Amino acid sequence: MLCCMPGVAFVPALLVSWSSAAFIISYVIAVLAGHVEPLVPYISDTGTKPPESGVFGFMINISALLASITMYIRYLLIEKQNESSHFVRSSCNMLTLCVGLMGCTGMGIVATFQELAVPSVHDIGALVAFGSGVLYITLQSIISYKSCPRWNTYFVCHIRMAISVISCIAFITMIVFASKISMTKIDWTPGEKVKSYLIANLPCVILFGKCCYIYVKALQTCQRLQIAHYHEQ
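With the UniProt record's numbering as the guide, the letters of the sequence shown map in order to residues 1 to 233.
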């Protein structure tokens, strides 16, 4: 089975590393080029002007691909675990995968259509990416609870659910306050800077931290399943 193949557990770690590099590299280039201020710029601002826009678009598209592969692996893992435990319906697992893939599609849209070039499409992509991402990890948290105690501990499930709740609150806050200020520009007025730092960057940092935790946990799950599969042979 694909989820038990050697090296598959490396994919989630690669996703986290690559995505981190994508944001850091585009940020450094944008700051050095004088396109954004060093103090916590809006994430999309670091991928708006060339040359950082090319780097941002390329690397985020790769991240979307890696995220899709990781989510599919997670889907296969749950299906494999479900063969012996029967803790969740296959239709629920499939629905969760589809929601996750919608988020990956949103990432691709954000990477392809820059903030200032096609703002409406960029904003829709960001909405789909963040919204589907929050819903995906919430559904995964619920599935984790259902898989206890055989495949997860309640302590880990509590942490996952706490991150999901925080992410939901952050997402709603971002939507509410973002509607009160234009996000499709780079040059901010002094009064807008504080608002932009609060409503744009904090939710993104929380969501990114949440994704890192989920995918690192997926890495551990992959490794455990590979060991179990090895002993079955």
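Backbone N, C-alpha and C fix where the C-beta goes; we use that ideal spot for every residue, glycine too.
In this text the structure is predicted, and so the values were computed from the model without any measurement.
- Look at threonine 153 here: in three-state DSSP terms it is coil, with no helix or strand label.
- Per DSSP, isoleucine 60 is one residue of the alpha helix (DSSP H) stretching across 52 to 85.
- Contact check between the segment 142 to 153 and the segment 88 to 102: three or more CB pairs, one atom from each, fall below 8 Å, which counts as touching.
- Relative to leucine 135, the option among Leu15, Met59, Met102 whose CA is nearest is Met102.
- For valine 36, there is no enclosing alpha helix (DSSP H), as DSSP gives it neither H nor E.
- By the Cβ neighbour-count rule, phenylalanine 56 is buried, with 16 or more other Cβ atoms within 10 Å of its own.
- In the three-state reduction of the DSSP assignment, proline 41 falls in the coil class.
- Looking at Ile159, Ala9, Val118, Phe171, the one whose alpha-carbon comes closest to that of threonine 48 is Val118.
- Rounded to the nearest whole angstrom, the C-alpha separation of glutamate 79 and aspartate 123 is 34 Å.
- Leucine 139 and isoleucine 69 have their C-alpha atoms spaced approximately 18 Å apart.
- A direct Cα-to-Cα measurement between serine 53 and valine 28 gives close to 12 Å.
- By the CB criterion at 8 Å, arginine 150 and serine 63 fall outside the cutoff.
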